[in-house]
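Below: one structure, written as structure tokens.
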Amino acid sequence: MNCVCWLRFIVVLALWTSIAFCTPDCDRLDIRGDIGTVGTISSPNFPASYPMRKDCRYVIDGRSSFNRIVLTIRIFSLEPSPGCVYDYLSIYDGPGMTSNLLGKYCGTSIPRTVIGNGRKMYIRFHSDNFVNAPGFQITYSFIDIDECSIGSPCQDTCTNTQGSFFCTCLRPGFTLSADERSCQDIDECAGQNQCQELCRNTQGSYVCGCRNPGYGLNP
């Protein structure tokens, strides 16, 4: 009889352990959005204290490679520990735990804002067997990447747009090349021009001349 009771206890305990680490409310939440999308991620049971033995994973996808993800931490309170080995929130700059780790946080110390460098972020929340705390509430949003501020993609003038950019050539005598990024000189002497006789093209301009000796240009 005692053996049966112990067997039941072990089975129930094993099931409880499995459920505690793989609950559907936070096992893996895939969140998709675009520029203008705003949402909230909260710890389980928030605003009440989070339960023990939780392992939650969140994947945020900005859909477009021109989007960046911004996390704004509204409330944050986890069990503190040196090195954050008990309860912690880890944020990765990419789709999984092999991506660059932006930070591992516990206690009440965390940056107010965390900005990713790409279209995806991976967030993991873990709680151990003992102490729990109020948890966290994080607002996520998506912003457009300003391509014009990254590596000067245009030779002359760059204009950022939502999800893209375009180049223009504002210098007189130049026009946009076929690559839509660099500028090329306009040959003002090709075809109809303002010169009566001779026309010599220069970078960004042109010079007129007279064919016959003894003649000069009118002022």
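Residues -22 to -1, 1 to 197 (mature numbering (1 follows the signal peptide of the UniProt record, and there is no 0)) make up the sequence shown, in order. By construction, the Cβ of each residue, glycine as well, lies at the ideal position given by its N, Cα and C atoms.
Could you give the residue range of the beta strand (DSSP E) that holds V16?
That run of the beta strand (DSSP E) goes 16 to 20.
When the Cα atoms are used, what is the spatial distance from N110 to S20?
15 Å
With DSSP collapsed to three states, give me the class of S127.
helix
From C173, V37, D8, residue whose alpha carbon lies closest to that of I101
V37
If you reduce the DSSP assignment to three classes, tell me which class D33 lands in.
strand
Cut-off 6 Å between Cβ atoms - residues of its own chain near V16, not counting five sequence neighbours on either side
S119
N- and C-terminal bounds of the beta strand (DSSP E) containing Q162
In the DSSP assignment, Q162 falls within the unbroken beta strand (DSSP E) covering 161 to 163.
Going straight from the alpha carbon of C183 to that of I128, what length do you get?
Residue identity differs from the one stated: residue 183 is Ser in this sequence, not Cys. Straight-line Cα distance between these residues: approximately 31 Å.
Would you please state the rounded distance, in angstroms, between the beta carbons of T146 and D134? I believe it to be under 8 Å.
7 Å
Spatial neighbours of Q181 within its chain, please: C-beta separation below 7 Å, excluding the five flanking residues on both sides.
D163
Which residues mark the beginning and the end of the beta strand (DSSP E) in which I51 is found?
45 to 55
How do the stretch 140 to 160 and the stretch 64 to 71 stand: do at least 3 beta-carbon pairs fall below 8 Å, yes or no?
no
Let me check understanding here. Comparing Cα to Cα, which of D8, A168, P89, G94 lies closest to F114?
A check of alpha carbon separations from F114 across D8, A168, P89, G94 identifies P89 as the nearest.
Can you give the beta carbon distance from K98 to D39, rounded, assuming they're within the 8 Å contact cut?
5 Å
Using alpha carbons as the reference points, say which of E175, C167, T137, C132 lies closest to S155.
It is C132.
Could you pull the start and end residues of the beta strand (DSSP E) that S87 belongs to?
Judged by DSSP secondary structure, S87 falls outside any beta strand (DSSP E); it is assigned neither H nor E.
Report the CB separation of S68 from L79 in whole angstroms; it is logged as a contact under 8 Å.
7 Å
Taking DSSP as the reference, what is the three-state secondary structure of P58?
Correct three-state label for P58: coil.
Which one of D8, N95, G85, I93 has the shortest CA to CA distance from F54?
Checking every option, the nearest Cα to that of F54 belongs to G85.
Buried or exposed: F108, going by 16 or more other Cβ atoms within 10 Å of its Cβ?
exposed
For P58 versus P112, is the C-beta spacing smaller than 8 Å?
No, the Cβ-Cβ distance between P58 and P112 is not below 8 Å.
Helix, strand or coil at N23 [DSSP, three-state]:
coil
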